[in-house]
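First residue of the sequence shown? That's 1 in full-length UniProt numbering, and the numbers climb one at a time after it. One structure is given below, encoded as structure tokens.
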Amino acid sequence: MSFELSKEYLSALEVAIEGQDSVFIRDTMEGVNSADISALLDEVSSEKAKYVIDILDNEVGAEIIEDLEEATRTKFLENFTPKEVADYITEMDSDDAVDIINELPAKTREEVISEIIDPDTAAHIHELMRYVEDCAGGLMAKEMIVANLNWDIVQTIEEIRRQRENVDRIYAVYVVDDKHKLLGKVSVKDILLANDNTHISEIYDEDVISVETYMDEEEVADIMQKYDLDVVPVVNLQGKLVGRITIDDIVDVITDQAEEDRQLMSGISSDVEEDDSIWVILKARLPWLVIGLVGGIVGAFVIRGFEDQIQTITGLALFIPLIMATGGNVGVQSSTLVVQSLANKSVFTDSLGKRLLKMVAIAMFTGLVLGSISFFFVYLYGEVKLGLVVAIALQAVVLLASFTGTATPLILDRFGINPALASGPFITTANDMLGITVYLLIANLLL
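This is the structure in structure tokens:
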């Protein structure tokens, strides 16, 4: 039987684990991508997963541990001794190693670091642990190929060979001076095509984009997206080369940010997964549902305040859902566009005044179109005054909802709060209450 992500293979694997059939496990998993093995081991107990990893090579085991979900990995590593964890850590890139070490309890963390034998690995980990997780210093890896400006091609190739086991992907060789300041880069192609006695100073490219260690991870992601970079060097305040960030780390940042925005827009207040406990999911979902409920209750009291008028003109009640739905939709559309523009900031972005004027123009035209359509259909039933009320109310609600949807994410962004919060239940609830109030007030004035 060959490896496959299926219930049949999972059953066969569990039987092999119970029977300690290491030959079956090793043979069927040979050459399989570590991400697939990680997905399979997520379905078995930590003890069984440890048995499988112990059978495989340390390098493969390290890749599997890297690919596990954080919550699963934290629980899984409780079954390992500090020495075993340290052995796997040594096989990882320094940035991944630090991420995993930081997930461990403080005591275990110190024990694991003390068990790392390789001095270079230990030094890299100690240096990277100084940086916070969400900045360039926390994302970077220390493994890279660096050449001195005065080296010749032979020396550079020898350095590449020396580092071949530490650096998985060589995008370029970074060029530094005697003080280790970043000067530029040189491609592997240029190195291979140059004569042996050519010096790096003759062929390197000074045009290199770099980021500082303190730069926020989202800014790093924006730079790599803007310039279509697979890797970016990291420098400290003195301009000295201290590491590099590869595209796989940035993909994780972009994915995490997209998930956070999507959950906020859905009214989920924290990062949760479907397989989390009931209590964890409830804590993430209930806050905004309760806020929405309170908003609905407030709306009900607003309607009650106009109860006599609604009983007199029963047609008013028919269009309350229309007003609420239109206000909510317009608000979400407006906030989504603003959040999108904030995520792709540009020095050429219009000023706040121009944005608001543009919003007013769009809202006026949209309200006019929607109001005219609604007036036409209500007029067909002979309710001219009611049609006029609905049309004017729609115009006012669209204008208010557009303003709320535009201004709220801009204000949240100004105060350092994720503007995606404004695209979820917050905007919908606020516009529902505004819409009902405006509609019934206009009806009270005109009918």
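Where a beta carbon is used, it is the ideal one built from N, C-alpha and C, also for glycine. On a predicted model such as this, the values are computed, not experimentally measured, just so you know.
Paired residues, beta bridge with lysine 185 - DSSP = Along the sequence shown, one-based indexing puts residue 185 at 185. Secondary-structure assignment with DSSP links lysine 185 through a beta bridge to Tyr174 and Asp205.
Please determine, among Ser372, Val338 and Phe377, the residue with the shortest C-alpha to C-alpha distance to lysine 358.
-> Numbered from 1 along the sequence shown, position 358 holds the residue referred to as residue 358. Nearest option by C-alpha distance: Val338.
Mark histidine 126 as exposed unless 16 or more other C-beta atoms lie within 10 angstroms of its C-beta, in which case mark it buried.
-> Here residue 126 corresponds to residue number 126 of the sequence shown, with the count starting at 1. Classification of histidine 126: exposed, given that the 10 Å Cβ count is below 16.
Starting from the Cα of aspartate 93, find the closest Cα among Val167, Ile268, Thr366 and Ser201 and give me that residue.
-> By 1-based counting over the sequence shown, the position of residue 93 is 93. Checked all of Val167, Ile268, Thr366 and Ser201; the closest Cα to aspartate 93 is Val167.
Are there 16 or more other CB atoms within 10 angstroms of the CB of valine 15, so buried, or fewer, so exposed?
-> Position 15 of the sequence shown, counting from 1, holds the residue named residue 15. Valine 15 should be labelled exposed.
Mind checking tyrosine 131: buried by the 16 CB within 10 Å criterion, or exposed?
-> Numbered from 1 along the sequence shown, position 131 holds the residue referred to as residue 131. The residue in question, tyrosine 131, is buried, as its Cβ has 16 or more Cβ neighbours within 10 Å.
Range of the contiguous alpha helix (DSSP H) that encloses arginine 161 | As a position in the sequence shown, residue 161 is number 161, starting the count at 1. 153-162 is the span of the alpha helix (DSSP H), which, as asked, contains arginine 161.
With DSSP as the reference, label proline 105 as helix, strand or coil.
-> Residue mapping note: residue 105 aligns to position 105 of the sequence shown, counting from 1. Reduced to three states, the DSSP call for proline 105 is coil.
Jot down the residue ranges of each uninterrupted alpha helix (DSSP H) in the region 359-433, minimum 4 residues, whole runs only, in chain order.
-> 384-414
Range covered by the alpha helix (DSSP H) that runs through valine 23 | Stepping through the sequence shown from its first residue, residue 23 is reached at position 23. Where valine 23 is concerned, the enclosing alpha helix (DSSP H) stretches over 22-29.
Opening and closing residue of the beta strand (DSSP E) in which asparagine 241 lies | The count along the sequence shown starts at 1 and reaches residue 241 at position 241. Reading off the sequence shown, one finds leucine at residue 241, where the question assumed asparagine. Here the beta strand (DSSP E) through leucine 241 covers 241-246.
Three-state secondary structure (DSSP) of glycine 148 | For the purposes of this step, residue 148 is identified with residue 148 of the sequence shown, where counting begins at 1. For the sequence presented, residue 148 should be read as asparagine rather than glycine. The answer is strand: DSSP assigns asparagine 148 an E or B state.
Simplified DSSP assignment, three categories, for aspartate 67 = Position 67 of the sequence shown, counting from 1, holds the residue named residue 67. Aspartate 67: helix per DSSP, three-state reduction.
For serine 11, count neighbouring Cβ atoms within 10 angstroms of its own Cβ and tell me buried if that reaches 16, exposed if not.
-> For the purposes of this step, residue 11 is taken as residue 11 along the sequence shown, with counting starting at 1. Label assigned to serine 11: exposed.
Got a sec? Which residues, its chain only, sit under 7 Å from threonine 90 by beta carbon, not counting five neighbours each side?
-> Against the sequence shown, residue 90 aligns to sequence position 90. Counting only Cβ-Cβ distances below 7 Å, and skipping sequence neighbours, we find Ile116, Asp118 and Thr121.
By Cβ distance, which residues of its chain are closer than 7 Å to leucine 368, with the 5 residues on each side in sequence left out?
-> Position 368 of the sequence shown, counted from the first residue, corresponds to residue 368. Same-chain partners within the cutoff: Gln395.
Report the three-state DSSP secondary structure of alanine 141 (helix, strand or coil).
-> As a first step, residue 141 is located in the sequence shown; it is residue number 141 there, counting from the start. Strand.
Taking C-beta to C-beta, are valine 186 and valine 175 nearer than 7 Å?
-> Translated into positions along the sequence shown, residue 186 becomes position 186. Translated into positions along the sequence shown, residue 175 becomes position 175. For valine 186 and valine 175, yes; Cβs fall inside 7 Å.
Taking just the CA atoms, how far does isoleucine 362 sit from leucine 434?
-> Translated into positions along the sequence shown, residue 434 becomes position 434. Translated into positions along the sequence shown, residue 362 becomes position 362. One C-alpha to the other measures close to 19 Å.
Classify aspartate 168 as helix, strand or coil using the three-state DSSP reduction.
-> To locate residue 168, count along the sequence shown from 1; it is residue 168. Looking at aspartate 168 - three-state DSSP - the assignment turns out to be coil, as it is neither helix nor strand.
Euclidean distance between Cα positions of asparagine 418 and valine 438 = For the purposes of this step, residue 418 is taken as the residue at position 418 of the sequence shown. For the purposes of this step, residue 438 is taken as the residue at position 438 of the sequence shown. Taking the straight line joining both Cα atoms gives about 29 Å.
Counting Cβ pairs, one atom from each stretch, are 3 or more of them under 8 Å apart for the region 20-38 and the region 48-56?
-> yes
Delimiting residues of the beta strand (DSSP E) encompassing valine 235 = Counting from 1 along the sequence shown, the entry for residue 235 is found at position 235. Note, valine 235: beta strand (DSSP E), 231-235.
Taking methionine 224 as part of the alpha helix (DSSP H), name the residues at either end of that continuous run.
-> Start at 1 with the first residue of the sequence shown, and residue 224 comes out as number 224. Counting along the chain, the alpha helix (DSSP H) containing methionine 224 begins and ends at 217-226.
Given a cut-off of 7 Å, decide if alanine 221 and isoleucine 250 are closer than it, judged by their beta-carbon atoms.
-> Position 250 of the sequence shown, counting from 1, holds the residue named residue 250. Position 221 of the sequence shown, counting from 1, holds the residue named residue 221. In this structure, alanine 221 lies closer than 7 Å to isoleucine 250 by Cβ.
Nearest CA to the CA of threonine 255: which residue from Glu218, Pro321, Phe365 and Leu386?
-> Looking up residue 255 in the sequence shown gives position 255. Glu218 is the residue among Glu218, Pro321, Phe365 and Leu386 whose C-alpha sits nearest the C-alpha of threonine 255.
Would you check if there are 3 or more beta carbon pairs closer than 8 Å linking the region 386-395 to the region 319-333?
-> yes
Range covered by the alpha helix (DSSP H) that runs through threonine 90 | Taking the sequence shown and counting its residues from 1, one reaches residue 90 at position 90. Per DSSP, threonine 90 belongs to the alpha helix (DSSP H) from 82-90.
Pull up the distance between the alpha-carbon of isoleucine 310 and that of phenylalanine 365, whole angstroms please.
-> Position 310 of the sequence shown, counted from the start, is the residue given in the question as residue 310. Position 365 of the sequence shown, counted from the start, is the residue given in the question as residue 365. Rounded to the nearest angstrom, the two C-alpha atoms are 29 Å apart.
Going by CA-CA distance only, name the one from Lys181, Phe80, Leu182 and Ile203 that's closest to aspartate 190.
-> Position 190 of the sequence shown, counted from the start, is the residue given in the question as residue 190. Checked all of Lys181, Phe80, Leu182 and Ile203; the closest Cα to aspartate 190 is Ile203.
Is the beta carbon of valine 235 less than 7 Å from the beta carbon of leucine 289?
-> Position 235 of the sequence shown holds residue 235. Position 289 of the sequence shown holds residue 289. No; because the gap between Cβ atoms is not below 7 Å, this pair is not in contact.
Selected residue, minimal CA-CA separation from valine 44, among Ala62, Thr72 and Met29 = Counting from one through the sequence shown, the residue named residue 44 turns up at place 44. Comparing Cα-Cα distances from valine 44 to each of Ala62, Thr72 and Met29, the minimum goes to Thr72.
Do threonine 406 and serine 334 have their CB atoms nearer than 7 Å?
-> Locating residue 406 in the sequence shown gives position 406, counting from the first residue. Locating residue 334 in the sequence shown gives position 334, counting from the first residue. In this structure, serine 334 lies closer than 7 Å to threonine 406 by Cβ.
Leucine 40 lies in the alpha helix (DSSP H); which residues open and close that run?
-> Here the question's residue 40 lines up with position 40 in the sequence shown. It spans 34-41 - the alpha helix (DSSP H) in which leucine 40 sits, taken as one unbroken run.
Under the three-state DSSP convention, the category histidine 180 falls into = As a working note, residue 180 is residue 180 in the sequence shown. The answer is coil: DSSP assigns histidine 180 none of H, G, I, E or B.
Is aspartate 96 near glutamate 66, with beta carbons less than 7 Å apart?
-> By 1-based counting over the sequence shown, the position of residue 96 is 96. By 1-based counting over the sequence shown, the position of residue 66 is 66. Going by C-beta atoms, aspartate 96 is nearer than 7 Å to glutamate 66.
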